[in-house]
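Line by line, the protein sequences give chains H, P and F. Heads up: the first sequence begins at 1 in the numbering used here, then just goes up one per residue. Heads up: the second sequence begins at 1 in the numbering used here, then just goes up one per residue. Heads up: the third sequence begins at 1 in the numbering used here, then just goes up one per residue. By construction, the Cβ of each residue, glycine as well, lies at the ideal position given by its N, Cα and C atoms. This report concerns only the one structure given below.
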Amino acid sequence: MRDVAVIGIGQTKVGEHWEKDLRHLALEALQAAMRDAEVERVDALYVGNMLSGELTGQEHLGALVADFAGLRGVEAVKVEAACGSGAAALRLGYVAVAGGLADVVLAVGVEKMTDATGPEATSALAMAADADHEVAHGLTFVALNALLMRRYMYEYGYKKEDFAPFTVNAHANGMNNPYAMFHTKVTPEAYAKARMIADPINLLDSSPVADGAAAVVLAPADWVRGSGKPVVRIAASAVATDAVALHDRRDPLALEGAALSAWRAYGQAGIRPEEVDLFELHDAFSIMAALSLEAAGFARRGEGVRLALDGEITLRGRIPIATMGGLKARGHPVGATGVYQVVEVVQQLRGEAGANQVPDARVGMAQNIGGSGATVITHILIRET
Amino acid sequence: METRLLRTDREVGIIGYGAYIPRYRLPATEVARIWTGGEGETPVTEKAVAGPDEDVVTISIEAARNALARAGNVDPALIRAVWVGSESHPYAVKPTSTILAEAIGATPYVQAGDWEFACKAGTEALQAAIGFVGSGMGRYALAVGADTAQARPGDALEYTAASGGAAYLVGPAEEALAVVEGSLSYVTDTPDFWRRAYQHYPSHGGRFTGEPAYFKHIAEAARALMEALGTTPADYDYAVFHQPNVKFPQTVARQLGFKPEQIGAGLLADRIGNTYAGSSLIGLTAILDGARPDQRILLVSFGSGAGSDAISLRTTEAIRERQGRAPATQDYIARRTVIDYGLYVRFRGKLRV
Amino acid sequence: MGLPSKNWRLRNQRYRLVGEICEKCGTPIFPPRDVCPECEGPAQTPYVFSGRGEVYSYSTVYHPPAEFERYAPYTVALVRLEEGPMLTAQLTDVAPEEVYIGMPVEMVTRQLQTEGDEGVIAYGYKFRPLIR
Chain H
1 MRDVAVIGIG
11 QTKVGEHWEK
21 DLRHLALEAL
31 QAAMRDAEVE
41 RVDALYVGNM
51 LSGELTGQEH
61 LGALVADFAG
71 LRGVEAVKVE
81 AACGSGAAAL
91 RLGYVAVAGG
101 LADVVLAVGV
111 EKMTDATGPE
121 ATSALAMAAD
131 ADHEVAHGLT
141 FVALNALLMR
151 RYMYEYGYKK
161 EDFAPFTVNA
171 HANGMNNPYA
181 MFHTKVTPEA
191 YAKARMIADP
201 INLLDSSPVA
211 DGAAAVVLAP
221 ADWVRGSGKP
231 VVRIAASAVA
241 TDAVALHDRR
251 DPLALEGAAL
261 SAWRAYGQAG
271 IRPEEVDLFE
281 LHDAFSIMAA
291 LSLEAAGFAR
301 RGEGVRLALD
311 GEITLRGRIP
321 IATMGGLKAR
331 GHPVGATGVY
341 QVVEVVQQLR
351 GEAGANQVPD
361 ARVGMAQNIG
371 GSGATVITHI
381 LIRET
Chain P
1 METRLLRTDR
11 EVGIIGYGAY
21 IPRYRLPATE
31 VARIWTGGEG
41 ETPVTEKAVA
51 GPDEDVVTIS
61 IEAARNALAR
71 AGNVDPALIR
81 AVWVGSESHP
91 YAVKPTSTIL
101 AEAIGATPYV
111 QAGDWEFACK
121 AGTEALQAAI
131 GFVGSGMGRY
141 ALAVGADTAQ
151 ARPGDALEYT
161 AASGGAAYLV
171 GPAEEALAVV
181 EGSLSYVTDT
191 PDFWRRAYQH
201 YPSHGGRFTG
211 EPAYFKHIAE
221 AARALMEALG
231 TTPADYDYAV
241 FHQPNVKFPQ
251 TVARQLGFKP
261 EQIGAGLLAD
271 RIGNTYAGSS
281 LIGLTAILDG
291 ARPDQRILLV
301 SFGSGAGSDA
311 ISLRTTEAIR
321 ERQGRAPATQ
331 DYIARRTVID
341 YGLYVRFRGK
351 LRV
Chain F
1 MGLPSKNWRL
11 RNQRYRLVGE
21 ICEKCGTPIF
31 PPRDVCPECE
41 GPAQTPYVFS
51 GRGEVYSYST
61 VYHPPAEFER
71 YAPYTVALVR
81 LEEGPMLTAQ
91 LTDVAPEEVY
101 IGMPVEMVTR
111 QLQTEGDEGV
121 IAYGYKFRPL
131 IR
């Protein structure tokens, strides 16, 4: 196995891109990443995407994106793992470079969601759940998370407003990220008054439907060591799964897939949770942020919300999360999200996070979750000195 | 003289019975508020309205499950006929009865069919089941009368057109909670109420629905049955007649010589409206819920077009232990959520979006 | 899209809560999956569940997928069956504010969705507060 480094990053602004379609969003991110990496050719391209077929009528994204990126002929495939598609594409790129099958690999996550109506997007996103036993009963993706949040509040005695710090923190950080969808501050009062989507989840608990693309270029770490550029090494890449349907989980509040994925990653990187300087977690909903913090070992069971209430998730806290806005404020173009998370970790580790810079960030973790916790992909990145 | 009775080769009876009435109620004052400015008398106090996820299939399933629960340990695989009478089957083509048969575990060796005869469709299925078991074609047959009745907005029928149903498991007399003493059917071509193909709402003959239709058919059927059985109104503990409103069954009972206390237990129209094919059959479930052994019950349905089925029943000792095995009719009547006209319009699909 | 055959295939579990029981370790399984989630042995023996259970968690959907707009707002729940397994279903005949965690519920068969005015009607299990 070879050490793998991220040698280039690129991203589009997340939002409503009425002028750009799927392939041009991917192209913009991918070209930015290649410029950043100073490469002109790659050996393979992995495209992370969840909903192109359902929402834009386009599948076969590997060849399509390769063609329109001027990479015709390159090895290219689409990778799908629901909302975890982006990190899954990155994971395959990592495997290829680490295993010596490819030297320079491009992983791009892309999603074009805004052409669909609200109910269409709701139906499409629900495909991440169990079609026969959840979706056929009218469950939406929001509703699944609402079931978790309701039970969490019941078991641990939290009130609705206790979840506000997740949203307030994400929006505060998004203010300084030019690529974020939202640049609006959210107050606890605004959170308390937000429109209900699926009780107890309101609009400000939920990440927005958006368009976007992000890309990274991977290469053997040895190629960049000694080049004078900062070396950001992928110290761990771990995938774990759990039952797709919430009702099939041994303990719905445990997010066992996330725990398995995180602890596998800690093992690979040879670190402990305390050594992680920032955590880009999958805050598609506030409850997911709480459960991820617990599963990854940053809070004990039932104390993820407590950690946020204590201010420990902010840029100056014990474990900064959503440092560039997270899924909540940066936006959640589903199949692209996992790559955005890693791009943002690289920004932090390179010291390029501007006003949101976590001081002396050396170890960053990104965790991308597909479905309500069924596919969980964790990457740990370490800046070499 | 050849008897007018529909005779069976062996004695049959009701093994189990069950009702279902939806949770929602539309007060008649709501219809009046929208269509008459609140003026005028209303024929009932309120009517039962099916929720947005209910139809004749779902109503039949719950009523049938209650009937099977009361029957005790009857293996559904021994039911040889599943028949549903309704004027509001959810499909124009595709049987309600196969869905019901599948849901209660009676498939696949079972006769299944849907019956149609306006409000008489349910007793028609019941009478056929009596014949089916009475001839020995099968040990058990299930008959259901259920409707989610629709009325043209603003029509007089809108006060009463209601949703609900009842199911009866028919079997050998020795297992019955009520034995069939005799039954007959009385029909003529009397066009008092109809719905043409592809039409949402029925049309009716107004006042014509009264004398030559409802009163004539029910009275003739009741008299003919009592004459054939040698009974008089005084021999009955209970009587139940089709109830399109409160007044009609009260009037026909008086005409026949029944006292108000004989029809009280089964007269539900004031609180649930007219459940069409379910109407007299739900009246009967309410009677059976409170009946004691060895009591006699007369049931006469009426369906437009037109006809009446009359059935005479006598309860047995078995009724005591079976009454409590499923929710009583009054449990469903007590379960009640009032809705306004707007929600009613949405629930019943009167709003096209 | 493929609704008739899909619902038909699932009719036993949808209409009557027919799941499975593991012959080896006795675990009742719903929804049926042919492999025991506990001991991972084969489990294909049919087992009919009673239909009684209690609410583990619930939510009310105000923004439904296109196919469910007709029924909105509606309440969904994780229901723990008395035999042990959990399932996901709608609650019916109940106002959202009446629902609570631990509420005893029973299975009823209702319309799950309809394929427009011309397609098939899918029926299946929902749960409601006990009638009595």
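Buried versus exposed, by CB contacts within 10 Å (16 or more), residue i
{"i": "H:V168", "result": "buried"}
{"i": "F:Q111", "result": "buried"}
{"i": "P:L412", "result": "Because chain P is modelled from 1 through 353, residue 412 of chain P falls outside the range shown and cannot be assessed."}
{"i": "P:Y198", "result": "exposed"}
{"i": "F:C25", "result": "exposed"}
{"i": "P:A77", "result": "exposed"}
{"i": "H:R330", "result": "buried"}
{"i": "P:T329", "result": "buried"}
C-beta neighbour in chain F for residue i, strict 8 angstroms
{"i": "P:V338", "result": "no"}
{"i": "P:G51", "result": "yes"}
{"i": "H:R151", "result": "yes"}
{"i": "P:G105", "result": "yes"}
{"i": "P:P108", "result": "no"}
{"i": "H:Y179", "result": "no"}
{"i": "H:G370", "result": "no"}
{"i": "P:V345", "result": "no"}
{"i": "P:R23", "result": "yes"}
{"i": "H:I287", "result": "no"}
{"i": "H:E134", "result": "yes"}
{"i": "P:D331", "result": "yes"}
{"i": "P:T275", "result": "no"}
{"i": "H:A374", "result": "no"}
{"i": "P:I272", "result": "no"}
DSSP bridge partner residues for residue i (one or two, in chain order)
{"i": "F:E20", "result": "F:I29, F:P46"}
{"i": "H:S237", "result": "H:H379"}
{"i": "P:D114", "result": "P:V84"}
{"i": "F:E54", "result": "F:R80, F:P104"}
{"i": "P:S312", "result": "P:G182, P:L298"}
{"i": "F:N7", "result": "None; F:N7 has no bridge partner."}
{"i": "H:E75", "result": "H:A44"}
Neighbouring residues, chain F, relative to residue i (Cβ below 7 angstroms)
{"i": "H:A254", "result": "In chain order: nothing, as chain F lies at least about 14 angstroms away."}
{"i": "H:G302", "result": "What H:G302 touches in chain F: nothing, since even the nearest Cβ is about 15 angstroms away."}
{"i": "H:S52", "result": "The premise fails here: H:S52 is roughly 18 angstroms from chain F at the closest Cβ pair, so nothing lies under 7 angstroms."}
{"i": "P:P90", "result": "I121"}
{"i": "H:T323", "result": "Per Cβ cutoff of 7 angstroms: no residues; H:T323 is ~30 angstroms from chain F at best."}
Closer than 8 angstroms at the beta carbon, the chain F residues around residue i
{"i": "P:R325", "result": "None at all; the shortest Cβ gap to chain F is about 12 angstroms."}
{"i": "H:P119", "result": "H63, P64, P65, A66, E69"}
{"i": "P:E54", "result": "R110, Q111"}
{"i": "H:I380", "result": "Within chain F, no residue comes near H:I380; the closest Cβ sits about 31 angstroms away, beyond 8 angstroms."}
{"i": "P:E62", "result": "V108, T109"}
{"i": "H:A143", "result": "S59, V61, V76"}
Chain H contact residues for residue i, given Cβ-Cβ distances below 7 angstroms
{"i": "F:A89", "result": "H137"}
8 angstroms Cβ cutoff, residue i in contact with chain H
{"i": "F:V61", "result": "yes"}
{"i": "F:S5", "result": "no"}
8 angstroms Cβ cutoff, residue i in contact with chain P
{"i": "F:R11", "result": "yes"}
{"i": "F:R52", "result": "no"}
{"i": "F:I131", "result": "yes"}
{"i": "F:K126", "result": "yes"}
Partner residues on chain H for residue i, Cβ-Cβ distance less than 8 angstroms
{"i": "F:L78", "result": "L147, R151, L246, H247, P252"}
{"i": "F:Y15", "result": "Within 8 angstroms Cβ-Cβ: nothing; F:Y15 doesn't reach chain H, min ~13 angstroms."}
Check whether residue i and residue j have beta carbons under 8 angstroms apart
{"i": "F:F49", "j": "F:L10", "result": "no"}
{"i": "H:L55", "j": "H:P165", "result": "no"}
{"i": "H:A5", "j": "H:D43", "result": "no"}
{"i": "F:I21", "j": "F:P28", "result": "yes"}
{"i": "H:D205", "j": "F:T60", "result": "no"}
Neighbour list for residue i in chain P, Cβ cutoff strictly below 8 angstroms
{"i": "F:T92", "result": "G51, D53"}
Chain-ordered chain H contacts of residue i [CB-CB under 9 angstroms]
{"i": "F:P96", "result": "D199"}
Review point. Which residues, in chain order, does the segment 186–215 of chain H contribute to contact with chain B at a C-beta distance below 9 angstroms?
Key: The structure shown has no chain B; the protein chains it does contain are H, P and F.
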